[in-house]
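Residue numbers (UniProt numbering): 1 to 356.
Don't be surprised by glycine CBs; every beta carbon is placed ideally from N, CA and C.
The following block contains the structure:
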């Protein structure tokens, strides 16, 4: 990896509005389209130049946001892709959307497919791929797979150090031999994510979903090396055969909604359960924001342990990692406060400078 490369990438995506909620005047509430096709915010240009409007296609977002991260993981580095924004802003659609329509496939299905294409085309190395899936709910690391739930009664798992990183104690890591097996693991886990109805959405995720993929490669000794002609040029693997074993970890994080407690209606729910969830979500997101701030300032201490999410991702947000943050936002006037907060978070992430 080039030590001078920009390792923190922020992509901006605006919500495809519901006609009942969007009015023509809303277009200039937070984001204003400029004459050259770009956008400006509060009379200032947004940091970065990768803002995608409501009609943006999934392929273009994948190419800009995800492919550079996958390239790094295949070279043995850690990479992270996070989707941030208020409930209903398109985070899950952008990151995880599946189904039969190829054009609407999210980043994870596309990553899974291209990962195994890359593996098949690299005749220099032998690969193994495994993955785990968990959720951070009320500041607890929890299983999301059915067999894990049945196997262990204690669903509050400890995050502990392992080597230079961390691992979730007791969380199953499943061997995946194909993109289909990897996506099946994801779908099984998604069925156990904790959802609840709020004022923002009838089915709002109350936890952060974390899929982590481990890609290990070692040298294969061959008399003749084939070509990589079946692989897109951006992912062709070159260089000398390496004798050492390398493992890259790819963390894919669908963050819970970043809206204020009052917007979600959690303060009106009688049992207090929704309020507790909302407070823990916002505390966790604040912890992530503080980590971004510390990394951006090259602080001597980065508060990874202030939240379970950042503790889990402590080896995948700084150092020699490549990270992409997708900020999903709405341009509706009703959402102006949430959108401004999301853009501030993205701007903070743009300040992070790390090198390999």
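Asked                                                                                                                                                                     : Found
Spatial neighbours of residue 304 within its chain, please: CB distance less than 7 Å, with the 5 preceding and 5 following residues excluded, ordered by chain position. : 291, 310, 311, 314
Is it true that the region 317 to 325 meets the region 70 to 84, where meeting means three or more beta-carbon pairs spaced less than 8 Å apart?                          : yes
Since residue 161 is in the beta strand (DSSP E), which residue starts that stretch and which ends it?                                                                    : 159 to 162
Could you pull the DSSP bridge partners for residue 125 from this structure?                                                                                              : 219
Please report the straight-line C-alpha distance between residue 190 and residue 125, rounded to a whole angstrom.                                                        : 32 Å
Just how far apart, CA to CA, sit residue 253 and residue 123?                                                                                                            : 31 Å
In three-state DSSP terms, what is residue 310?                                                                                                                           : helix
Count the other CB atoms within 10 Å of the CB of residue 161; is the residue buried (16 or more) or exposed (fewer)?                                                     : exposed
How is residue 167 classed by DSSP in three states: helix, strand or coil?                                                                                                : strand
Name the residue from 258, 322, 298, 277 whose alpha carbon lies nearest to the alpha carbon of residue 83.                                                               : 258
Would the region 55 to 74 count as touching the region 322 to 330 if we require 3 or more Cβ pairs under 8 Å?                                                             : yes
Quick check on residue 273: buried or exposed, where buried means 16 or more other Cβ atoms within 10 Å of its Cβ?                                                        : exposed
Suppose the cutoff is 6 Å on Cβ atoms and the five residues either side in sequence are ignored; what does the same chain contact list for residue 307 look like?         : 284, 287
Which partner residues does residue 178 have in the DSSP bridge list?                                                                                                     : Paired residues: none, contrary to the question.
Going by beta-carbon coordinates alone, are residue 98 and residue 329 separated by less than 8 Å?                                                                        : no
What is the rounded straight-line gap between the Cα of residue 180 and the Cα of residue 133?                                                                            : 15 Å
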